[in-house]
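Using this note's numbering, read the sequence shown as starting at 2 and increasing by one per residue.
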Amino acid sequence: MDSPYSKIWKVVLDYLSKIYSEVLMDLWLNRLELVSLDDKNAFLVIDENQDLIDILNTNYSKQIADAFSNALSMNLNVKIFNRGHYLVGGSEEEKMFLEKEKEAQRAEAAGEKKPEKPVEFYFDKGEGRAHEDEFTFDNFIVGSSNKFAYAASVSVARDPAVEYNPLFIYGASGLGKTHLMRAIAHDVSSRHPDYRIIFVSAENFTNEFLDCLVKKSTSKFKEKYRSADMLFVDDIQFIAGKESTQEEFFHTFNTLYDSHKQIVLTSDRPPRELQNLEERLVSRFEGGMVADVQPPDTELRIAIFKSKAMAMNVDLSNDVLTYIAENTKSNVRQIEGIIKKLGAYKTVLNKGKDITVEDARTLLSNVICGAEPPEAIAERVITTVAARYGVPPEDIKGTRRSKEIVTARQIAIYVVNHVTNLTLKSTGNIFGGKDHSTILYSIQSVTDQMRKDVSFEHEVDEIMKEFQ
């Protein structure tokens, strides 16, 4: 039998479904049940552990309250409980919540305000404060491929340096690692305006440290980084193989950790797989929480496309969004480019008319899976590598053996092998009729060099990203 509040909750859910994706609705919101309601408060329950309930309270109670207001003109506070821990009108949790609300109202009436000192952010050059609001938990699309990393990030934002320290998030480029880092910083700064938060790429950390070594001003460097309340380092894999930088980061890490300051790191792979990284650093990275972000599945890609399209004011039908999501393996950055392209076509060339699936198929032929023959992709790889290394494409396909040409040729073969489904024989034919043993040798040579030289590995990865 439905509860007396089920009809009210259905109206609220209908309103929320216009805001959030089907994935998010099914993941959490549709599973909530309204069990108590008065003139000031709405109490919801769900069968979940406390960590996820805390996530819902932190990130969605305000939005649910807004839905009550907009859909039913009811101005309420919303609180979510574990179903087994909630007793209508009598649980200790409910009493504590109501008491906190009364305290907050008394404080507001007395004119008490939060301190207004702005948080001190240090961003890489070109990364201004304007970026903060672009990367929040509210606009991060959650799905099965990133749910764990999201939950860990929310936990860190809620209680810095309490449970998950360090937080190490890894995954391929463009899947949301940096978004989660910035969301943590944004959330913490809103509640702790006195925190000093430093956000830096590992490359800039390295360059800044080396510059201080040359200028003999390392004391200023240490003072800056070791006095942070929270330290965020993006792409930590960049310090692999750099002994002096690793030494400095090791001591910075220890100082912050021992002072109970939160550290958050991202990488393209888990700590144990980072080549040329000191074991003592690997051990410390693994000592906290290691969370991965996987490529989004089709449902999550649809939700991301829809969210990005709405944010960019590009109106696309569900059929078009579904077609694109089902036929691309784009990461989040590439998704933004796809939306921009479709939006520009609709505005400029289609004169505001709705984009059809056929329009999308034509416009996105270079990114739709299977639309471009693997042989054509291989030719693009050769052209790209040739331009990058300053050698003629015909030499990459030829037999010349200078060091520059051999390096470019082997990298091109390696990339083609990883971004196409061509056989070794077919790959050999594209590269001037080389036999399969030569192709295998080239792939293995690049693989071995990437393991030994992190800079070379980074270089090859950058080329790969252009074709993924």
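A virtual CB, placed ideally from N, CA and C, is assigned to each residue, including glycine.
Distance, Cα to Cα, Phe44 vs Ala66? Counting from 1 along the sequence shown, the entry for residue 44 is found at position 43. Counting from 1 along the sequence shown, the entry for residue 66 is found at position 65. Distance between the alpha carbons of Phe44 and Ala66 is about 11 Å.
Considering only residues of the region 276-350, which uninterrupted alpha helix (DSSP H) runs meet the minimum length of 4 residues and lie entirely inside it, listed in chain order? If you keep only unbroken alpha helix (DSSP H) runs of at least 4 residues inside the region 276-350, you get 280-287, 299-312, 319-328, 333-345.
In the DSSP assignment, the alpha helix (DSSP H) including Glu442 goes from what residue to what residue? Here the question's residue 442 lines up with position 441 in the sequence shown. One detail in the question is off: residue 442 reads as Tyr in this sequence, not Glu. Looking at the DSSP string, the run of the alpha helix (DSSP H) that includes Tyr442 is 437-453.
Give the range of the beta strand (DSSP E) segment to which Arg273 is assigned. Here residue 273 corresponds to residue number 272 of the sequence shown, with the count starting at 1. Neither: Arg273 is in no beta strand (DSSP E) and is coded neither H nor E.
Supposed contact pair Cys213 and Phe200 - C-beta distance, whole angstroms, cut 8 Å: Looking up residue 200 in the sequence shown gives position 199. Looking up residue 213 in the sequence shown gives position 212. Not quite, the Cβ-Cβ distance comes to about 19 Å (not below 8 Å), so this is no contact.
Apart from the five residues just before and just after Ser456, which ones in its own chain have a Cβ nearer than 8 Å to its Cβ? What you label residue 456 is simply residue 455 of the sequence shown in a count that begins at 1. The residues are Gly242.
Could you pull out every residue in the same chain whose Cβ sits closer than 7 Å to the Cβ of Glu49, ignoring the five residues on either side in sequence? In the sequence shown, the residue the question calls residue 49 occupies position 48. These residues qualify, in order along the chain: Asn83.
When you compare each of Ile47, Ile81, Leu73 to Ser62 by their alpha carbons, which one comes out closest? The residue you call residue 62 lines up with position 61 of the sequence shown. Comparing Cα positions, the closest option is Ile81.
Under three-state DSSP, which class holds Lys243? On the sequence shown, residue 243 is found 242 positions in, with the first residue counted as 1. Residue state, collapsed to three classes: coil.
Could you check how far apart the C-beta atoms of Ile336 and Ile378 are, in whole angstroms? I think they sit under 8 Å. Taking the first residue of the sequence shown as 1, we reach residue 336 at position 335. Taking the first residue of the sequence shown as 1, we reach residue 378 at position 377. Rounded to the nearest angstrom, the Cβ distance from Ile336 to Ile378 is 20 Å, too far for a contact under 8 Å.
Checking 8 Å against the spacing of the C-beta atoms, do Leu275 and Ser268 come in under that value? One-based indexing of the sequence shown puts residue 275 at position 274. One-based indexing of the sequence shown puts residue 268 at position 267. Less than 8 Å separates the beta-carbon of Leu275 from that of Ser268.
Opening and closing residue of the beta strand (DSSP E) in which Asn76 lies: For this step, residue 76 is matched to residue 75 along the sequence shown. Under the DSSP assignment, Asn76 falls outside any beta strand (DSSP E); it carries neither an H nor an E label.
Cβ-Cβ separation, Pro167 to Phe286 (assumed contact under 8 Å), whole Å: Position 285 of the sequence shown, counted from the first residue, corresponds to residue 286. Position 166 of the sequence shown, counted from the first residue, corresponds to residue 167. Cβ atoms of Phe286 and Pro167 come within 8 Å of each other, at about 6 Å.
Tell me the DSSP bridge mates of Asp235? What you label residue 235 is simply residue 234 of the sequence shown in a count that begins at 1. As DSSP reads the structure, Asp235 sits in a beta bridge with Ser202.
As a quick exercise: from Thr246, Thr137, Ala310, Val358, pick the residue whose alpha carbon is nearest that of Ile237. Taking the first residue of the sequence shown as 1, we reach residue 237 at position 236. Considering only alpha carbons, the answer is Thr246.
Identify every run of the beta strand (DSSP E) within the region 159-192, keeping only runs that are complete inside it and at least 3 residues long; order them along the chain. Every unbroken stretch of the beta strand (DSSP E) spanning 3 or more residues and falling wholly within the region 159-192 is given here in chain order: 168-171.
If I follow the unbroken beta strand (DSSP E) through Glu380, where does it start and stop? As a working note, residue 380 is residue 379 in the sequence shown. Looking at the DSSP string, Glu380 is not in any beta strand (DSSP E); the run it does join, the alpha helix (DSSP H), is 375-390.
Please work out which residues of its chain come closer than 6 Å, Cβ to Cβ, to Ile383, disregarding the five sequence neighbours upstream and downstream, and give them in chain order. Counted from its first residue, the sequence shown places residue 383 at position 382. So the list reads Pro394, Ile397, Ala413, once near-sequence residues are dropped.
Write down every uninterrupted run of the alpha helix (DSSP H) in the region 387-432 whose length is 4 residues or greater and which is fully enclosed by it, in chain order. The region 387-432 contains these whole alpha helix (DSSP H) runs: 394-398, 404-420, 425-431.
Find out if the Cβ-Cβ distance for the pair Ala150, Asp293 is shorter than 8 Å. Position 149 of the sequence shown, counting from 1, holds the residue named residue 150. Position 292 of the sequence shown, counting from 1, holds the residue named residue 293. Yes, the pair counts as a contact, with Cβ atoms nearer than the cut-off.
Report the rounded CA-to-CA distance for Thr428 versus Phe210, giving the unit in angstroms. In the sequence shown, counting from the first residue as 1, residue 428 sits at position 427. In the sequence shown, counting from the first residue as 1, residue 210 sits at position 209. The alpha-carbon atoms of Thr428 and Phe210 are separated by roughly 44 Å.
Can you tell me which residues form a DSSP beta bridge with Asn42? Within the sequence shown, numbered from 1, the residue matching residue 42 stands at position 41. Answer is Asn78, bridged to Asn42.
Enumerate in chain order the residues of its own chain whose CB-to-CB distance from Val16 is below 8 Å, with the five nearest sequence positions on each side excluded. Locating residue 16 in the sequence shown gives position 15, counting from the first residue. Residue identity differs from the one stated: residue 16 is Tyr in this sequence, not Val. Closer than 8 Å at the Cβ level, and outside the excluded window around Tyr16, lie Ala68, Asn71, Ala72.
Environment of Ser411 [buried if 16+ CB atoms lie within 10 Å]: Here the question's residue 411 lines up with position 410 in the sequence shown. Residue 411 is actually Gln in this sequence, not Ser. Residue environment: Gln411 is assigned as buried (16 or more neighbouring CB atoms within 10 Å of its CB, all protein chains considered).
Under a Cβ-count criterion, where at least 16 other Cβ atoms within 10 Å of its own Cβ denotes burial, should Asp188 be classed as buried or exposed? As a first step, residue 188 is located in the sequence shown; it is residue number 187 there, counting from the start. Looking at its Cβ environment, which holds 16 or more other Cβ atoms inside 10 Å, Asp188 is buried.
What are the boundary residues of the alpha helix (DSSP H) that includes Leu14? As a working mapping, residue 14 is identified with position 13 in the sequence shown. Element bounds for Leu14: 7-18.
Residues in its own chain within less than 7 Å of Gly90 by CB, not counting five upstream and five downstream? As a position in the sequence shown, residue 90 is number 89, starting the count at 1. Here Gly90 scores only 48 on pLDDT, less than 50, and its place in the model should not be relied on; the value that follows carries that caveat. Within the same chain, Gly90 has close Cβ partners Ser37.
Sheet register partners of Ser37 (DSSP bridge): Translated into the one-based positions of the sequence shown, residue 37 becomes position 36. DSSP output for Ser37 lists Phe44 as bridge partner(s).
Report the partner residues of Arg362 according to the DSSP bridge assignment. Residue mapping note: residue 362 aligns to position 361 of the sequence shown, counting from 1. For Arg362, which the question treats as bridged, DSSP gives no partner whatsoever.
Looking at Phe141 and Met290, is the spacing between their C-beta atoms short of 8 Å? Counting from one through the sequence shown, the residue named residue 290 turns up at place 289. Counting from one through the sequence shown, the residue named residue 141 turns up at place 140. Taking 8 Å as the cut-off, the beta carbon of Met290 is found no closer than this to the beta carbon of Phe141.
Buried versus exposed, by CB contacts within 10 Å (16 or more), Asn422: For this step, residue 422 is matched to residue 421 along the sequence shown. So Asn422 counts as exposed.
Can you tell me the Cα-Cα spacing of Lys435 and Ser443, whole angstroms? On the sequence shown, residue 435 is found 434 positions in, with the first residue counted as 1. On the sequence shown, residue 443 is found 442 positions in, with the first residue counted as 1. Going from the Cα of Lys435 to the Cα of Ser443 covers about 11 Å.
Which residue wins for smallest C-alpha separation from Thr219, given the options Phe233, Leu317, Val234, Phe250? Position 218 of the sequence shown, counting from 1, holds the residue named residue 219. A check of alpha carbon separations from Thr219 across Phe233, Leu317, Val234, Phe250 identifies Phe250 as the nearest.
Buried or exposed: which applies to Glu467, given that a residue is buried once 16 or more other Cβ atoms fall within 10 Å of its Cβ? Taking the first residue of the sequence shown as 1, we reach residue 467 at position 466. Burial call: exposed.
Rounding to the nearest angstrom, what Cα-Cα distance links Asn42 and Lys148 in this structure? Within the sequence shown, numbered from 1, the residue matching residue 42 stands at position 41. Within the sequence shown, numbered from 1, the residue matching residue 148 stands at position 147. Roughly 29 Å separates the two Cα atoms.
What is the residue span of the alpha helix (DSSP H) that Ser220 lies within? For the purposes of this step, residue 220 is identified with residue 219 of the sequence shown, where counting begins at 1. Residues 219-227.
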